[in-house]
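Numbering (my numbering), first residue to last: 931 to 1267.
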């Protein structure tokens, strides 16, 4: 599936995921099924959905990280590199130089008994110690930490959560990656610090031409911050649109449900939760995986094989009951019941 990137950015993809599937022995359904997405250089792409929808698993595909014993299908390419074909030193080089990941909890990424400088110097191999230390200070300054030389001598407990997240981002940028994966990188921060970190990521993206995959539970935040958004449910892409179109005219019932359960200023109606619960890997989910929770589903939905259907205004949605006004003419298959 393809969507048009925001004007002014190259259409040549940086990351291309096509038909990605991931299965584990002993589970009733795959972790990922037919996931396709792309990210262009300098573009921010959002992945949203409930816990267990496959967001982090999809992001880790760019690193070639899979659970032990997993069966993988489809393709993952970063530029001209086939990530699924990498092994040994090539895979380690890819993970350490080409793609970087920023996790939700910065304290979990740092050794509490080691200094900040030690954390950064480990990410600058091959440089003489004094040059590496100067580079580490430059990185801390680039992410907006004052007195970078002093920060290098401090330990994690001496810094706030927002400062630690800046340290982790500095570490991620040390190898000058082409793609940055931000996995709930701001959700543990207060709103003021969150805004600062988001502004920092935007600045770094513009300065270095980074592609940014932004994972979040907050659909409103994704709509405000991202160029395009992929909504995931039960290991599948339910909808992919430009952020503006997805927020203004959500096509998939699950997307509308996520928006309805998120509080928003100026909205007179109270938030309404999505009925039911997210499925586990023990749930087989024949047909559309969202059908058991969907208020618009009919009997045919439990037999319909989900696939991305093009929308008239751009983007895709995997729903057989798309309104005629939203679906591209002839794209949907109507099943009478």
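Built from N, CA and C at the ideal position, the CB exists for glycine as well. All values derive from a computational prediction rather than experimental measurement.
Taking a cut-off of 8 Å on C-beta distances, the stretch 954-964 touches the stretch 1209-1228, as three or more cross pairs fall below it.
DSSP lists no bridge partner for residue 1121. Rounded to whole angstroms, the gap between the alpha carbons of residue 1072 and residue 950 is 36 Å. By the neighbour-count criterion, in which a residue is buried when 16 or more other Cβ atoms sit within 10 angstroms of its Cβ, residue 1023 is exposed.
Counting every other CB atom within 10 Å of its CB across the protein chains shown gives residue 978 a total of 16 or more, marking it as buried.
In this structure, DSSP gives residue 1087 a helical state, which the three-state scheme calls helix. Residue 1113 is bridged by DSSP to 1145.
In the structure shown, the three-state DSSP call for residue 1059 is helix. If you draw a straight line from the Cα of residue 1219 to the Cα of residue 952, it comes to about 16 Å. At least 7 Å separates the beta-carbon of residue 1242 from that of residue 1182. Residue 1156 is positioned such that its CB atom lies closer than 7 Å to that of residue 976. The C-alpha of residue 982 is placed about 15 Å away from the C-alpha of residue 997. Taken through DSSP and simplified to helix, strand or coil, residue 1175 comes out as helix. With contact defined as three or more Cβ pairs closer than 8 Å, the stretch 964-974 and the stretch 1132-1144 are in contact. Distance from residue 1075 to residue 1066 at the Cβ level is roughly 11 Å; contact not present, criterion being Cβ atoms closer than 8 Å. For a cut-off of 8 Å, the C-beta gap from residue 1245 to residue 1172 is around 7 Å, short enough to register as a contact. Residue 976: member of the beta strand (DSSP E) spanning 974-978, first to last residue. Between the alpha carbons of residue 970 and residue 980 lies a distance of about 25 Å. Residue 1137 and residue 1098 do not touch by the CB rule: their CB atoms are close to 18 Å apart, not below 8 Å. Counting the other CB atoms within 10 Å of its CB gives residue 1090 a total below 16, which places it among the exposed residues.
From the listed residues 1221, 1199, 1106, 985, the smallest Cα separation to residue 1206 is found for 1221. For the stretch 954-999, the continuous beta strand (DSSP E) assignments of 3+ residues that do not extend past its boundaries occur at 962-969, 974-978, in sequence order.
Counting only unbroken stretches of 4 or more residues, the alpha helix (DSSP H) elements lying wholly within the stretch 1035-1079 are 1036-1039, 1046-1051, 1059-1072, in sequence order. Under the three-state reduction of DSSP, residue 1204 is assigned to coil, being neither helix nor strand.
Closest in C-alpha terms to residue 1027, from the list 1094, 1105, 1199, 1046, comes 1105. Taking C-beta atoms under 8 Å as the contact rule, residue 1110 and residue 1069 fail to qualify, at a distance of about 14 Å.
From the listed residues 1178, 946, 1225, 1223, the smallest Cα separation to residue 1011 is found for 946.
Residue pairing by DSSP places residue 951 opposite 1003 in a beta bridge. Following the DSSP letters along the chain, one finds residue 1030 inside the beta strand (DSSP E) bounded by residues 1029-1032. In the DSSP annotation of this structure, residue 1158 is not part of any alpha helix (DSSP H); the continuous beta strand (DSSP E) holding it starts and ends at 1158-1163. Residue nearest to residue 1237 within the set 1252, 1034, 964 is 964 (criterion: CA-CA distance). Counting the other Cβ atoms within 10 Å of the Cβ of residue 1095 gives 16 or more, which makes it buried. Segment contact: the stretch 1159-1171 against the stretch 1109-1125, fewer than three CB-CB distances shorter than 8 Å; contact not assigned. Looking only at 1147, 1084, 1062, the smallest Cα-Cα distance to residue 1115 is reached by 1147. Taking the Cα positions, residue 984 is about 26 Å away from residue 1092.
C-alpha of residue 1057 to C-alpha of residue 1103: approximately 16 Å in a straight line.
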